[in-house]
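The structure under discussion appears below in the form of structure tokens.
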Amino acid sequence: MVETNRDKGMSVIVPIVEGPGDAEAIPVLLRKVLAYLNKSHIHVATPKNAHGCSNIERPGGLEKFVEHAFRTKECGGVLLVLDTDGDVRCPKTLAPALASRIRKYGARKPVAIVFAKNEYEVWFIASVESIAGKPIKGNAGIAQGVTAPTSCESVRNPKAWIEKNFSNKQKYKETLHQAPLSALVDPATAAPRSRSFRRLIHAVEELVASIEASLVSVTPK
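Next comes the structure, spelled out in structure tokens:
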């Protein structure tokens, strides 16, 4: 059931993420998505770092992190961004299950759940042409001329794919590379190639619509 959110004027999305690399990168990427949607008036708060999806899945874990997010100053909505880690997690079953737990707990703000196919880095692959040839923190990044594979989400190890395509053969590190690579993602390029990136865009749209209408919703249903 959709309920009226009486806390009007809230305009901050609070992400919940799996690790330190995501905690730095997700706000960067969400600001790109919000700009793409012409919703830059919605801001992004510092993410809540779960330090592993297992801490979210365990009994009471999800509810704890969501409650922390709800208590963030000016929280307008909450966005969980997780990885499927290959076939370890099935978003078609786990995302609705997590959403059901949030409803039972009692959502006071809109909440949306998104799973990146395999790993967060799949979204870099889907937008690699906007990234290739550009430096990363003063160092060479992905080599000029690298193009996306035919099926981006079929890449089983996106981190290894990114590392293989670095022009200077450097090692890929989430905490070093995720945020600057996120800043180079072009949502218009990534969306047609990645179903999970399209879900991210749609989830942000859902949150913004609920925030602007002062409604509480939890997705997916």
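Following numbering that gives the first Met the number 0, the numbering of the sequence shown begins with 0 at its first residue and continues without gaps. Think of the CB as a built atom: it goes at the ideal place given N, C-alpha and C, for glycine as much as any other residue.
Beta bridge counterpart(s) of residue i as assigned by DSSP
| i | result |
| --- | --- |
| Thr-174 | Thr-174 pairs with nothing; no bridge assigned. |
| Phe-114 | Leu-81 |
| Gly-76 | Ile-12 |
| Thr-188 | DSSP output for Thr-188 lists no bridge partner at all. |
| Ile-135 | Asn-138 |
| Leu-28 | BP columns for Leu-28 are empty, so no partner. |
| Asn-48 | Val-16 |
| Gly-218 | Per the sequence shown, residue 218 should be read as Thr rather than Gly. In DSSP, Thr-218 forms a bridge with Ala-111. |
| His-42 | Val-11 |
| Val-165 | Sequence check: residue 165 is Phe here, not Val. According to DSSP, which records beta bridges pairwise, Phe-165 is partnered with Ile-141. |
Nearest neighbour of residue i, chosen from the options [CA to CA]
| i | options | result |
| --- | --- | --- |
| Ala-49 | Lys-116, Leu-206, Ala-68, Ser-181 | Ala-68 |
| Cys-151 | Pro-26, Ala-98, Thr-188 | Thr-188 |
| Ile-141 | Arg-102, Thr-174, Asn-156, Trp-160 | Trp-160 |
| Pro-134 | Arg-155, Ala-111, Leu-93, His-176 | His-176 |
| Pro-26 | Ala-131, Arg-57, Gly-18, Ala-178 | Ala-178 |
| Ala-139 | Asn-164, Glu-66, Ala-147 | Asn-164 |
| Asp-185 | Ser-129, His-201, Glu-66 | Ser-129 |
| Lys-72 | Cys-52, Gly-60, Lys-108 | Lys-108 |
| Leu-180 | Asn-167, Ile-200, Lys-168, Gly-132 | Gly-132 |
| Val-32 | Ala-96, Lys-220, Ala-202, Val-87 | Ala-202 |
| Lys-172 | Pro-58, Lys-136, Lys-220 | Lys-136 |
| Lys-220 | Lys-47, Gln-143, Leu-97 | Leu-97 |
| Ser-39 | Gly-60, Ile-55, Ser-10 | Ser-10 |
| Lys-158 | Asp-84, Ala-190, Arg-70, Asn-37 | Asp-84 |
| Ser-56 | Leu-36, Val-87, Pro-19, Ala-34 | Looking at the sequence itself, residue 56 is Glu, so the reference to Ser does not match. Ranking Leu-36, Val-87, Pro-19, Ala-34 by Cα distance to Glu-56 puts Val-87 first. |
| Val-154 | Gly-144, Arg-192, Ala-182 | Arg-192 |
Beta carbon of residue i nearer than 9 Å to that of residue j
| i | j | result |
| --- | --- | --- |
| Leu-29 | Ile-15 | no |
| Thr-218 | Ala-111 | yes |
| Ser-195 | Lys-116 | yes |
| Ile-41 | Ile-210 | yes |
| Arg-198 | Phe-114 | yes |
| Ala-106 | Val-65 | yes |
| Tyr-119 | Asp-21 | yes |
| Leu-206 | Leu-93 | no |
| Glu-23 | Gly-51 | no |
| Thr-149 | Val-127 | no |
| Glu-204 | Leu-36 | yes |
| Pro-58 | Thr-174 | no |
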